[in-house]
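Quick notes on the structure that follows.
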Amino acid sequence: MNLFWKKVFGGLQSTAKFEEKMNELAKDYQRFISVGSSKEFAEYTELYKIVKSAEFKEKKRTLIQRKYSDTEEYRDITKFEKLSKNKDLKAYYVIADSKELKEYLVFVDGGNRVQLDDPEKVKNSPELKKFKDFESSKEYKLYIRLHNSYILKEYEELKEKVSKPQFIESNKFWSNPKRWETVEEYQQEKRFNILAQNPDIQFYIKQKPERFNVVSKFKMTFHDCFDWNTLNASSWNSGFYKEKPLFGNYSFINERQANNKGNNVSVVNGYLHISTREEKTQAVAWHPQKGFVQCDYDFSSDVLNGKNAISQKGGVFMAKMRFTGNKSVHHAFWLVGEKQTPHINICHVVDGQIEVGIYWNSKFETKYTSTRIKGINPGEFFIYSLEWTEKELIWYINNLEVFRTSDFVPNTELFPMINSFIPENAKGGNADIEVDYIKVFSK
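Residue 343 in this note's numbering sits at position 308 of the sequence shown; the count goes up by one each step and never skips.
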């Protein structure tokens, strides 16, 4: 694969741009999670259900748009006030409370009414004449007309109704043009609108959850930003991993560099360096026929294993790295387990090109499924990643997928390794691996 044109035309993002986007995504995801679990958002969600409901909207519409003149309260109070001004009703209550009526009613209730039908008796009795005159008066006739009448009954019922505290409160409510502002729902809507303007809640609402799939499905299990000064203070060990460390620091007879027990490892300003130097060095080397032998080398370099840092099956392994110096020197960031295979090259620099792939055992042989990546300069910082799923392995450089295979997917825990080496037929020279950070994630 040649990434030159993808780099030129933007398919491959610059490392700075990719990191910026990833950091922004991680930051936004943390904000998304924080807001989503906040009391304010829980309150907003509950109020949203309320204020967006059909019942709420109908009540608001009614309280705002309904005219006071259309209410029962208005009709009752208006009718009552009108009847209160009725001249006949006013006169009725004056008559009903008068001395003349009371005396007349006592006279009638005493069974004396028949005397008023005798003209002679009325003529000769001032008292009977008084009662007879009252009985014939227009006041008494008005009293008789209204007493037990529909209008009087209606007035009495309205008078009782409008005097009750419940009616007074209801009438006060409906007669208020700003009645909507007096109800609980108004306060709920007001609070909802305040929360809806909250920048965090607005941010949450605008997000599409699938945007965070790349970060939400993984959790970080290891992160080394190289803030240590000595190898002993780190999670890394020099040499190839062995249960007995004595046998871990060795070199190979068919390579030109001695693996230097961590002496070529340094951390400068937060960057891990593994340096390959042209210098005479003696080291123990592994010989296929002779076993471990003492050997002289023209170069020194180093191997780091992360067995004690992280050992994991599946997930994402990521490193920001660059490789400088002599191009005949090989550099690798890889994964391995207790055995020689499987062995996954997350990034292997070969003759100035990037190679990714996996060594795995078939029935009778070791196979290597791989690809070469051209068109980018390994001397620049790139982020090299491997996504290891149950079904396949996927390699990325920055944002761009560069290779995937399902030929073989390991089913065992692997741990990271970093090293430089010089093949026996290579010229060799000074070179350097520089690592900004290593991150590991699991699902």
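Every residue gets a Cβ at the ideal spot worked out from N, C-alpha and C, and that includes glycine. All values derive from a computational prediction rather than experimental measurement.
May I have the straight-line CA-CA distance separating residue i from residue j, to the nearest angstrom?
| i | j | result |
| --- | --- | --- |
| N446 | Y403 | 17 angstroms |
| S397 | W271 | 31 angstroms |
| P323 | Q48 | 44 angstroms |
| I345 | K92 | 57 angstroms |
| E427 | P377 | 14 angstroms |
| F287 | Q375 | 14 angstroms |
| T424 | E90 | 49 angstroms |
| Y332 | S363 | 16 angstroms |
| P413 | Y64 | 31 angstroms |
| N235 | N58 | Reading the sequence as shown, one finds Asp at residue 235 and not Asn. D235 and N58: Cα-Cα distance of roughly 18 angstroms. |
| I229 | E55 | 32 angstroms |
| N147 | K125 | 29 angstroms |
| I112 | L118 | 10 angstroms |
| D471 | T401 | 33 angstroms |
| K243 | Y83 | 19 angstroms |
| A268 | F261 | 10 angstroms |
| I203 | R101 | 19 angstroms |
| G32 | L151 | With the chain covering 36 to 478 only, the question about residue 32 has no answer from this structure. |
| T265 | L307 | 11 angstroms |
| E219 | R110 | 26 angstroms |
| T311 | G410 | 24 angstroms |
| V143 | S184 | 21 angstroms |
| E155 | K120 | 43 angstroms |
| I68 | P212 | 43 angstroms |
| F247 | N233 | 22 angstroms |
| S88 | E245 | 27 angstroms |
| L435 | V328 | 44 angstroms |
Cβ of residue i within 8 angstroms of Cβ of residue j?
| i | j | result |
| --- | --- | --- |
| I453 | F358 | no |
| V384 | I408 | no |
| F227 | V444 | no |
| S163 | Y127 | According to the sequence as given, residue 163 is Leu; it is not Ser. Against a cut-off of 8 angstroms, the Cβ pair of Y127 and L163 comes out as no contact. |
| F76 | Y221 | no |
| F53 | N361 | no |
| F253 | G463 | no |
| G350 | F476 | yes |
| G372 | E448 | yes |
| F456 | Q292 | yes |
| I309 | N299 | yes |
| W263 | V303 | no |
| E314 | P458 | no |
| K207 | F115 | no |
| T406 | Q347 | no |
| S205 | E108 | yes |
| Y5 | W209 | As displayed, the chain neither begins before 36 nor continues past 478, which places residue 5 out of reach and without an answer. |
| A61 | V250 | yes |
| K173 | V157 | no |
Since residue i sits in a beta bridge, which residues does DSSP pair it with?
| i | result |
| --- | --- |
| A320 | S286 and V328 |
| T359 | D467 |
| T404 | I393 |
| K254 | S477 |
| M452 | N340 and W369 |
| P458 | E290 |
| E422 | V351 and I429 |
| R312 | S335 |
| R214 | Looking at the DSSP assignment, R214 forms no beta bridge with any residue, so it has no partner. |
| I379 | L370 and I393 |
| V384 | H366 and I389 |
| T265 | Answer by DSSP bridge pairing: none, since T265 is not bridged. |
| L435 | I432 |
| T440 | L428 |
| F417 | M356 |
| D31 | Nothing in the structure corresponds to residue 31, since the chain is present only between 36 and 478. |
| Y139 | Looking at the DSSP assignment, Y139 forms no beta bridge with any residue, so it has no partner. |
Identify, in the order they occur along the chain, each residue of the same chain with its Cβ nearer than 6 angstroms to the Cβ of residue i, setting aside the five sequence neighbours on each side.
| i | result |
| --- | --- |
| F169 | E135, Y139 and Y175 |
| D259 | I473 |
| L421 | F352, I381 and W430 |
| L98 | R214 and W215 |
| K325 | none |
| S336 | Q292, N299, T311 and S455 |
In chain order, what residues of the same chain lie with their CB nearer than 8 angstroms to the CB of residue i, ignoring the 5 residues before and after it?
| i | result |
| --- | --- |
| Q237 | A231 |
| T50 | K355, E415, F416, F417, I418 and N433 |
| Y178 | Y127, I130, A131 and L136 |
| S73 | D235 |
With a CB to CB cut of under 7 angstroms and the five nearest residues on each side skipped, what residues in its chain are close to residue i?
| i | result |
| --- | --- |
| G71 | Y239 |
| Y190 | L118 and L124 |
Taking only heavy atoms of the ligand COA into account, decide whether any of them is closer than 7 angstroms to the Cβ of residue i.
| i | result |
| --- | --- |
| F76 | For the structure depicted, the ligand COA is absent and the ligand set is empty, with no information on it obtainable. |
Any beta carbon from chain C within less than 8 angstroms of residue i's own beta carbon?
| i | result |
| --- | --- |
| D132 | Here chain C cannot be found, since the structure has a single protein chain. |
(Q) Threshold first: 4 residues or longer. Then list the alpha helix (DSSP H) segments lying entirely within the stretch 92-119, N to C. (A) 107-119
Q | Secondary structure, alpha helix (DSSP H): runs of 4+ residues fully inside the stretch 184-228 | A | 185-197 and 200-209
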